[in-house]
Every structure is written in C-alpha cells, then in structure tokens.
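These notes concern the structure reproduced below.
Numbering (our numbering), first residue to last: 18 to 621.
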C-alpha cells in the first residue's frame, strides 16, 4: 500500500524474482524513508483551504495573494476537482505560513485551513522469490467466481489512484483515459511500478495464454497518478484524484496508499465519492500494528488487511486451509476499533511497469486490489449496486471465513459467496419537510427533513433543490441543508431528496414564500418631537408588507416596551419613563425582516 504525503511515499526497497520468457531481472521499489528535497521543503509550505458554502472566494484569494501564496492546483482538472468540495491547494513561503494560516482562519469566507500532508505507498519486502503461481486467486475462490462472471459484457471501470499505470503486458487494452496530478497532464504513465502491480491484480487480461490473470479479466482500469516516481504524494492531490475519477464515471476506486494523519480535504473527497455511490477500497497498511492509516480509517472506506499465502499450494491447490491467518506485517484493529474490514492475500504474483511478472510481492497494497477486483465482479452482476451494496456483499461473503488471529471486522473474502448477495431496496421514509407549505422565510436558513428513518442501510445524504435546481447537500445527521435564499423572492419550491446508502431515495417538498424585503413602518400621530409631556401619551402608527406584518413593537429609549399584532396605536404613561426618553415603532414581517420608524425625543 502506498502512503500519502501529507506527503505520501512508496514502501521499502524490495526485490522480487521476475518471470519472463527470456530473462530474470529485479524490480526495485523506492524507499519509504525518502523525503521531500530539503530546499523545497524549506522554501514553501503547502496548505489546503476550505471555503464556506456561498462564500466570496475572491476575498480569501486576495488575502492569500497579499501574503505571497501561489495556488498549486495549476490546471483545469485539478482546480475543478477540489472545487467540488469547496477547497483549493496553495503554496506559501515557509516564513509566512503561520501568518497566512492565522489570517485565513479569521476570514469569514474560510471554513478551514490545514497543512497538506504527505502520503505514501505501502509495500513490504518479498519473502519467496521462487513463488510463481497465483495461489492468491484460489485463496479468494476466484476460479469459482469466474464460472459466473469474469467481468461482464459491459466492462466495469476501476480507478487506480496510485503512481500511474503502464500500458504493458496483460494490461494492454485494459486502460481508459486517466490523469496525472503530479505532472498535471493527461499521461498518467507509471514511473515507479506500484500502480501497475496494483492494476494488474484487478484487471490483467485472463485466459489469453500469456502472463497472469487479474480478478476481473474484462474490467477497465482508469489510471490516476497522484504519487511520484518515489511513491510519494500529497493528500490534496489524492483528493483531486478521487474526485476526478468519480466525476469521470468510476464507481470503484482503489487506494493502496495512506498516512497515519487525517486531513479534512481527504475526508471530504472520500465523502464525495460515497455520496456519488462509489466504493473506495483502501489498504490497511504494513505497520504490523493498530495505528490507523488514512484514508483506510475513514468510516465509509472498505479497508483491507493481508493474510498469509497458501502454505501448501502443491498439495492443496484450492488453498482450503491455512490461509485465514493475518500476515504479521499487516495493520489491524485493536480491541474496540473497527476500521479494518476484511482481508485478502498479501503475497502475490503481479506485473511490473515493464511487462515482467514477479512473484512474492508482498503488502496490503496488493490485498486491496484483489478486493477492488472482487467488487467489480459483483458490480458486473448488479450494475445498480452502490458502494454500500458492494461492500455489504463482500462483508457477507467474508463473514464465514474468520481470521485465526482476528484483527478485522469480518474475515477473508469469498468472491463466489458474495456474488449473489442482495441489497437494500426499500427507500427511506420521512413525514415531511421544514419549513412547510405556506411558510414565509428570509435570508439563510436550513431546510430539514421531518421523521427521517431508514431501517437497513442508513441515510447517506440529502440534497436540496430550489425551484428544481440543485443548491447544496448534507451528509451528516440530522441532514438539514442550510442555504442563502437572499436572491430569491416570492413563491419558491424547496425539495429535499433523501438517499440511503444503497441508493434508494425519498423526496419531500413544500412551497414557501421568500421575502427579503423590509416592511414599511411610520408613526402617523404623536406629540411633536422635543415636547415636554405628562399624563398618557398615544402613538399612532401604520405599516405594510407584501406578505404580511407579524407584529409591531414600541421602543422606549431603544428597549421594547410593548408589542401589538392587530392595533394601530400604543399608549403609555409618562410616569413609567425617565425624564428624557425617545420613542420609535418597529415592524416585523412574517419572514422576520424588520424596520424602524423615525425617532421622537421627549422630556417630562
């Protein structure tokens, strides 16, 4: 698995025997101790800035520009990707980073600012260079699954968010257009090797008389390069890659990378994928301990640990025993944690970026794509399944193959057992929406569901539509969506579309009136301002509003003394006021807009 820069880097230097027709070579992976060049690290700091919904981003941009910041997204694809989660990535001179962070956190348009984090690819040194057969496919019962499907007539696309993918060997014909967020171009070639090995496990062409077979022979790979030639990258680039892949139609994403540090930009990108019905599959990491790795530790990610290889493949080619032990190098759950979901073989045969096939490659980086490939096989049978449905099917199949040494929520995956698993087909329920029909509102307010319930998969998100136009969403309970209606006027249709995790939806709506105009109010009869008064004083007034007045208030010295809803005059005794006092009338309309009359001053 590759870690991300929070910066991300590839794993340990590893060598493996490479099987080819003419030669044996070595495949070296970059060291995971590789750091950013010292000069670059000292000269600038990468920040991620998140913006509030409806914020004036130009104001925040001026703040950044004044401090010498440089937007690092650089190209249209990168800019568009982070814009989907209201964020941008900037490079700041290191000497100004603290002041920049402070200034941005004080900016009313900014929701958050955080330092970008490196992530890296997860790899472990191979242990058996003579192992040349794909016993990992038998371990997950792939041959039995292939009796049902090898990927379907309409290929499923899996995004490999990694170091890029080489168009070599069994991946020729498997690639669809991708993107390179490291070099900012549309040529995501693999200059490290990790991404190609991952992609081959998912979709190497099978039954073609050469090389190897991936889990899903007819699947397509969308290469998204977010890690450099050293297997390192930034969380903001990983986030861009996730969003871009989803926007381009990928609904299964493999991330064999991570870091022990969480960032909001990465969490938001994963949430964006989930909200669009995608499944994010991630490696648990190779720390051999219970330290959480991200994105694997985010709630809606299917996170994969590694199991040991088949111990006696020659005598037990179906790998019926000894394969449900978690590998010593694999990260895992501690008691009370549940971030690691399932396991898959962690010692595999795969292909390098030159088209050579190497055995004994080891790490959770290579467990994760086996599960991503399994998800693709399931989706080929159930095209409408969301990420939750795919994950649920995989969990169901793995539940009967518990690991001998635990550490995962379910167990070792069983692909044929997962293929026929059904999903939630019942829509969520809601009794209504607030504000309801006939309400008069103004400015910014939340539109919320009433009586919201979903008994199986649970609520995934709500989206708000105003006059049939999408304007916002919520993915957190109680799933209300706040929106600024200041540009609207009069009768307005509001609609909440409520989605559960299986993709079922319920729509609740109402028609309300938006009134952002203050009511008119004036005093019609009163003693002349400046008069000396005694006894009873009567103040006559009038007011109007297109959508109705809610109440009038009498203010004495600026404080509310009386409230009326259906009269045209206030009266008070001068004995109840100070020797010097002022009088005003304030009107509130039904939406809560208010206006003040002219001020009258008196003595007594």
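Where is the CB? At the ideal position from N, CA and C, for every residue including glycine.
As the structure is a computational prediction, the values presented were derived from the model and not from experiment.
In its own chain, which residues sit with a C-beta less than 8 Å from the C-beta of residue i, not counting the 5 before and 5 after it?
i, result
"residue 495", "465, 466, 469"
"residue 144", "Confidence at residue 144 is low in this model, with a pLDDT of 33, below 50, so its placement is unreliable and the value that follows should be read with caution. Cβ within range, chain order: 364, 377, 379."
"residue 38", "The pLDDT assigned to residue 38 is 30, lower than 50, so where the model puts this residue is not dependable, and the model offers no usable value."
"residue 549", "619, 620, 621"
"residue 476", "445, 469, 494, 496, 515, 516, 517, 518"
Starting from the C-beta of residue i, find all residues in its chain whose C-beta is less than 7 Å away, skip the five residues before and the five after it, and write them out in chain order.
i, result
"residue 52", "Here residue 52 scores only 34 on pLDDT, less than 50, and its place in the model should not be relied on; the value that follows carries that caveat. Same-chain partners within the cutoff: there are none."
"residue 484", "509, 510"
"residue 354", "307"
"residue 491", "478, 479, 497, 498"
"residue 418", "341, 428, 429, 431"
"residue 389", "175, 219, 269, 271, 298"
"residue 512", "482, 524, 526"
"residue 80", "120, 121, 124"
"residue 55", "Because the pLDDT at residue 55 is just 37, under 50, the model does not fix this residue reliably, and the point stays unresolved."
Between which two residues does the beta strand (DSSP E) containing residue i stretch?
i, result
"residue 606", "597 to 606"
"residue 361", "359 to 362"
"residue 10", "Missing from the structure shown is residue 10; the chain here goes from 18 to 621 and no further."
"residue 83", "Taken as a continuous stretch (DSSP letters only), residue 83 belongs to no beta strand (DSSP E), being part of the alpha helix (DSSP H) at 74 to 83."
"residue 251", "249 to 251"
"residue 530", "522 to 531"
"residue 60", "First-last for residue 60: 55 to 60, but that is the alpha helix (DSSP H), not the beta strand (DSSP E)."
"residue 578", "576 to 581"
"residue 322", "318 to 324"
"residue 657", "Given a span of 18 to 621 for the chain in the structure shown, any question on residue 657 remains unanswerable."
"residue 508", "507 to 517"
"residue 482", "476 to 483"
"residue 182", "Premise fails: residue 182 is in no beta strand (DSSP E) and is neither H nor E."
"residue 572", "566 to 573"
"residue 312", "That residue, residue 312, is in no beta strand (DSSP E); it is neither H nor E in DSSP."
What whole-angstrom Cβ distance do residue i and residue j have, given they're in contact under 8 Å?
i, j, result
"residue 320", "residue 422", "Actually they are not in contact, since the Cβ atoms of residue 320 and residue 422 sit about 17 Å apart, beyond 8 Å."
"residue 529", "residue 457", "7 Å"
"residue 273", "residue 382", "4 Å"
"residue 68", "residue 161", "Residue 68 to residue 161, Cβ: 50 Å. No contact."
"residue 137", "residue 348", "That pair is no contact at about 14 Å."
"residue 586", "residue 558", "7 Å"
"residue 322", "residue 298", "Between residue 298 and residue 322 the Cβ distance is about 12 Å, and since that is not below 8 Å, they are no contact."
"residue 384", "residue 360", "7 Å"
"residue 553", "residue 593", "So it is not a contact: roughly 10 Å between Cβ atoms."
"residue 209", "residue 185", "Going by Cβ atoms, the distance from residue 209 to residue 185 rounds to 14 Å, so no, they are not a contact pair."
"residue 350", "residue 425", "6 Å"
"residue 223", "residue 230", "3 Å"
"residue 131", "residue 309", "Actually they are not in contact, since the Cβ atoms of residue 131 and residue 309 sit about 18 Å apart, beyond 8 Å."
Return the chain-ordered list of same chain residues with a C-beta closer than 6 Å to the C-beta of residue i, the five sequence neighbours on each side being excluded.
i, result
"residue 392", "269, 296, 407"
"residue 40", "Per-residue confidence for residue 40 stands at a pLDDT of 28, beneath the threshold of 50, marking its modelled position as unreliable; the derived number appears in the next sentence. Excluding residues within five positions, none has a Cβ falling inside 6 Å."
"residue 317", "291"
"residue 460", "503"
"residue 501", "71, 461"
"residue 57", "Only weak support exists for where residue 57 lies, its pLDDT of 40 falling under 50; the coordinates are left without a value."
"residue 601", "572, 613, 614, 616"
"residue 212", "177, 179, 180, 181, 182"
"residue 605", "567, 568, 611"
"residue 98", "257, 260, 261"
"residue 403", "294, 519, 520"
"residue 608", "457, 458, 459, 532"
"residue 397", "166, 168, 169, 173"
"residue 279", "311"
"residue 474", "405, 441, 517, 518, 519"
How would you write the range of the alpha helix (DSSP H) that residue i sits in, first residue to last?
i, result
"residue 173", "Counting along the chain, residue 173 falls outside any alpha helix (DSSP H), and DSSP gives it neither H nor E."
"residue 281", "281 to 292"
"residue 219", "211 to 220"
"residue 152", "152 to 156"
"residue 99", "93 to 100"
"residue 234", "Segment: none, residue 234 is in no alpha helix (DSSP H) and carries neither H nor E."
"residue 159", "159 to 163"
Please confirm whether residue i has its beta-carbon closer than 8 Å to some beta-carbon of chain D.
i, result
"residue 605", "This model lacks chain D altogether; it includes just one protein chain."
Are three or more beta carbon pairs between the region 538 to 546 and the region 505 to 524 nearer than 8 Å?
no
Contact the region 63 to 72 vs the region 243 to 258: 3+ CB pairs below 8 Å
yes
Between the region 161 to 178 and the region 280 to 287, do at least 3 Cβ pairs fall closer than 8 Å?
Between the region 161 to 178 and the region 280 to 287 there are fewer than three inter-stretch CB-CB distances shorter than 8 Å, so the stretches are not counted as touching.
Pairing CB atoms from the region 189 to 200 with CB atoms from the region 223 to 242, are three or more of them under 8 Å?
With a cut-off of 8 Å on Cβ pairs, the region 189 to 200 is in contact with the region 223 to 242, counting three or more such pairs.
Complete beta strand (DSSP E) runs within the region 113 to 140 (minimum length 3 residues, chain order):
127 to 132, 135 to 138
Would you call the region 407 to 419 and the region 208 to 221 in contact, with 3 or more CB pairs under 8 Å?
Touching, no, given that fewer than three Cβ pairs across the two stretches are closer than 8 Å.
Secondary structure, beta strand (DSSP E): runs of 3+ residues fully inside the region 383 to 433
none
Do the region 151 to 160 and the region 357 to 374 touch if we need at least three Cβ pairs shorter than 8 Å?
yes
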